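Following: one structure in structure tokens, then a few remarks.
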Amino acid sequence: MARVSKRLQMMRVVHFGSAYGFWFALGVSACHFSRLLVGGWIIYFALKLSIAGWLLLIPPEDPTQETLMLRRLSGLAMALSVIAFWDILVTALSNPITLGYWILPTWQVGFLGLGVLVAMLLFLAFLK
-19 MARVSKRLQM MRVVHFGSAY GFWFALGVSA CHFSRLLVGG WIIYFALKLS IAGWLLLIPP
41 EDPTQETLML RRLSGLAMAL SVIAFWDILV TALSNPITLG YWILPTWQVG FLGLGVLVAM
101 LLFLAFLK
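Structure representation (structure tokens):
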């Protein structure tokens, strides 16, 4: 195995860091752009889903270890850019939802729905 020079190592670090920074900045700017428009969250989620789909579904042309690592870093940066959207997520999860006479936060309704879904799936699995 050939020895890699320190200069080449530094260039790789800068390359991966700049790619990470680009995707993180793109995600954060999309997040803040979505706050400017009334229905801007649709653009935000469409951008997130399209980038995630590109990272997951389209294989790289030259799948070397470096390109695969760059794709993982890009996906991580896009996932972490959701942090810039944290206050909207907290607000959305704490919005009240009325179920009959109960007023529950959204996250509790989500957990209740998930629990019912898991119970139904387990029931169907054991029914067979």
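The sequence shown begins at -19 in the numbering used here and counts up by one.
Quick reminder that beta carbons are idealized off the backbone N, C-alpha and C, glycines included.
The model shown is predicted, which means the values in this text are computed figures rather than measured ones.
Residue i in three-state terms, based on DSSP
i: Ala1; result: The sequence given here has Gly at residue 1, not Ala. Gly1: helix per DSSP, three-state reduction.
i: Arg(-17); result: coil
i: Leu27; result: helix
i: Leu35; result: helix
i: Val18; result: coil
Exposed unless 16 or more other CB atoms sit within 10 angstroms - verdict on residue i
i: Ser9; result: exposed
i: Val7; result: Note that residue 7 is Gly in the sequence shown, not Val. By the 10 Å Cβ count, Gly7 comes out buried.
i: Ala57; result: buried
i: Ser54; result: buried
Option in the options with minimal Cα separation from residue i
i: Leu27; options: Trp82, Gln45, Ala59 and Arg51; result: Ala59
i: Val62; options: Phe4, Arg(-13) and Lys(-14); result: Phe4
i: Leu73; options: Gly80, Ile83, Gln88 and Trp82; result: Gln88
i: Arg51; options: Trp82, Phe91, Tyr0 and Ser30; result: Tyr0
i: Met49; options: Leu94, Trp66 and Gly(-3); result: Gly(-3)
i: Phe2; options: Ile31, Thr78, Ile77 and Gly93; result: Ile31
(request) Pick out the complete alpha helix (DSSP H) segments inside the region 42 to 106, 4 residues or longer, and give them in chain order. (result) 45 to 60 and 66 to 74
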